[in-house]
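> Letter by letter, the sequence shown follows residues 107 to 389 of the working numbering. In this text, a Cβ means the ideal position worked out from N, Cα and C, and glycines have one as well. There's a structure below that I have some questions on.
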Amino acid sequence: MTIFLHFSCSTQSGTKYDLHEDLAGKTYIVTGATSGIGQATAEELAKRNARVIMACRNREKCVQVRRDIVLNTRNKQVYCRQCDLEDFDSIRTFVQKLSKGKFELDRIDGIVHNAAMMQSERHVNKDGIEKTIATNHLGSFLLTGLLLDKLLNQTNPVRIVFLNSNIIDRKCDLNLGDFNSEGAKKFDGYEVYKHSKLASALFSKELSERLKESNCNVIVADPGRTKSNLSAQMDGQTFFLSRWLLKIVSFGMGERRTEKAVRPVLYALCDPETVDENGLFIE
Numbered sequence: 107m108t109i110f111l112h113f114s115c116s117t118q119s120g121t122k123y124d125l126h127e128d129l130a131g132k133t134y135i136v137t138g139a140t141s142g143i144g145q146a147t148a149e150e151l152a153k154r155n156a157r158v159i160m161a162c163r164n165r166e167k168c169v170q171v172r173r174d175i176v177l178n179t180r181n182k183q184v185y186c187r188q189c190d191l192e193d194f195d196s197i198r199t200f201v202q203k204l205s206k207g208k209f210e211l212d213r214i215d216g217i218v219h220n221a222a223m224m225q226s227e228r229h230v231n232k233d234g235i236e237k238t239i240a241t242n243h244l245g246s247f248l249l250t251g252l253l254l255d256k257l258l259n260q261t262n263p264v265r266i267v268f269l270n271s272n273i274i275d276r277k278c279d280l281n282l283g284d285f286n287s288e289g290a291k292k293f294d295g296y297e298v299y300k301h302s303k304l305a306s307a308l309f310s311k312e313l314s315e316r317l318k319e320s321n322c323n324v325i326v327a328d329p330g331r332t333k334s335n336l337s338a339q340m341d342g343q344t345f346f347l348s349r350w351l352l353k354i355v356s357f358g359m360g361e362r363r364t365e366k367a368v369r370p371v372l373y374a375l376c377d378p379e380t381v382d383e384n385g386l387f388i389e
């Protein structure tokens, strides 16, 4: 199945954006916040006095990163909460804790779906779902769905931001009959990764249509080529060429520094100009 996906254009380049709003009193959830764009997003939000929920798989690493963010920003309203997006039970537990009890949130102003993975060999989660698809698409799908009633019952505007890349703006072949990559003779981790990001983009596009009359806006942000843990996840001979291909593409397109790459995310999440926008693709 060949898919052409079109998003509305943003009204300004996200890379030129410099966040200056005071975010005191606002709460944001950032998945995969222990490195790369996720960590940078969490720290930039903390600098501007927001309450930040770091939703991370590795709690021990999260505690270390959280300590650094608090020291750098002097904002103690940064919290670690375990949420493994490949584990659907972990997601449900995370949402339950945010919905009642001592960890309950009185409001959520934005969610950043940043967590992603890529693997060199096919591995499945305990539900039998290939882990790249589970983490990059189905996990964020479930997390959004479980939080949606809470978000829609709020009076404040909410922004749901999905991180993606310009690969979704090209012609892509998606085999819906083998979405779980069970039938392929040879597992291609990079192709599965692209399919997972396309599925995420299709979901965000449909969600933006369904929520267009609500207080929730859905935006896709492309931070561009930047350093992340994705290339580190590509090990073994199977991914040797893919790793070098990514390096060549990054060199040719220009790899962004993290402090610049995070700007489209912040623009989508916080800028007053995007508060009434829906279905944007910001790069």
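(1) Under a Cβ-count criterion, where at least 16 other Cβ atoms within 10 Å of its own Cβ denotes burial, should R369 be classed as buried or exposed?
(2) Between G245 and I197, how many whole angstroms is the CB-CB distance? I'm expecting something under 8 Å.
(3) What runs of the beta strand (DSSP E), each 3 residues or longer, lie entirely inside the region 120 to 192?
(4) Per DSSP, what kind of secondary structure is N397 in: helix, strand or coil?
(5) Spatial neighbours of S306 within its chain, please: CB distance less than 7 Å, with the 5 preceding and 5 following residues excluded, ordered by chain position.
(6) Are the region 370 to 384 and the region 160 to 172 in contact at 8 Å, needing three or more beta carbon pairs?
(7) Below 8 Å on the Cβ atoms is my contact criterion, and I expect L211 with T137 to pass it. Report the Cβ-Cβ distance as a whole number of Å.
(8) How about R154 and Q183: are their beta carbons less than 8 Å apart?
(9) What did DSSP end up calling I217 once you bin it into helix, strand or coil?
(10) Span of the beta strand (DSSP E) holding R265?
(11) Measure from the alpha carbon of I135 to the alpha carbon of each residue in E127, D124, H126 and L151, then state which is nearest.
(12) Could you spell out where the beta strand (DSSP E) holding A387 opens and where it closes?
(13) Alpha carbon to alpha carbon, how far is T140 from D190?
(14) Please determine if the region 258 to 265 and the region 283 to 303 are in contact, where contact requires at least 3 C-beta pairs separated by less than 8 Å.
(15) Flag this pair as yes or no: are the beta carbons of A240 and E192 separated by less than 8 Å?
(16) Taking C-beta to C-beta, are S226 and G283 nearer than 8 Å?
(17) Give the DSSP-derived three-state secondary structure of E227 in the structure shown.
(18) In terms of DSSP beta bridges, what is E236 paired with?
(19) Name the residue from L129, I143 and N178 whose alpha carbon lies nearest to the alpha carbon of V371.
(20) For A130, count neighbouring C-beta atoms within 10 Å of its own C-beta (all shown protein chains included) and say buried if the count is 16 or more, exposed if not.
(21) Leaving aside the five residues before and after D233 along the sequence, list all residues of the same chain whose C-beta is less than 8 Å from its C-beta, in chain order.
(22) Tell me where the alpha helix (DSSP H) around T364 begins and ends.
(23) Per DSSP, what kind of secondary structure is L253 in: helix, strand or coil?
(24) Give every residue of the same chain whose Cβ lies closer than 7 Å to the Cβ of S314, excluding the five residues on either side of it in the sequence, and list them in chain order.
(25) Quick one: grab the DSSP three-state call for C211.
(26) Could you spell out the range, first to last residue, of the alpha helix (DSSP H) harbouring L295?
(27) Does the distance from the C-beta atom of V201 to that of L249 stay below 8 Å?
(28) Counting along the chain, where does the alpha helix (DSSP H) carrying T199 start and finish?
(29) Under a three-way DSSP split, which group does D377 fall into?
Considering the structure as presented:
(1) buried
(2) 6 Å
(3) 133 to 137, 157 to 162 and 184 to 188
(4) Past the edges of the chain, shown from 107 to 389, lies residue 397, and the structure says nothing about it.
(5) N242, H243, S246, F268 and N270
(6) no
(7) Not quite, the Cβ-Cβ distance comes to about 15 Å (not below 8 Å), so this is no contact.
(8) Result no, Cβ atoms of R154 and Q183 do not sit closer than 8 Å.
(9) strand
(10) V264 to L269
(11) Of all alpha-carbon atoms in E127, D124, H126 and L151, the one lying nearest the alpha-carbon of I135 is that of L151.
(12) It should be noted that the sequence gives Phe, not Ala, for residue 387. Note, F387: beta strand (DSSP E), L386 to I388.
(13) In a straight line, the C-alpha of T140 is about 13 Å away from that of D190.
(14) no
(15) yes
(16) no
(17) Residue state, collapsed to three classes: coil.
(18) V230
(19) Closest in C-alpha terms to V371, from the list L129, I143 and N178, comes I143.
(20) It counts as exposed.
(21) F194 and A240
(22) T364 to A367
(23) helix
(24) Excluding residues within five positions, the ones whose Cβ falls inside 7 Å are V324, N384 and G385.
(25) This sequence places Leu at residue 211; Cys is not what is there. L211 carries a coil assignment under DSSP once its states are collapsed to helix, strand and coil.
(26) Residue identity check: residue 295 is Gly in the sequence provided, not Leu. Taken as a continuous stretch (DSSP letters only), the alpha helix (DSSP H) holding G295 covers G295 to R316.
(27) yes
(28) F194 to S205
(29) coil
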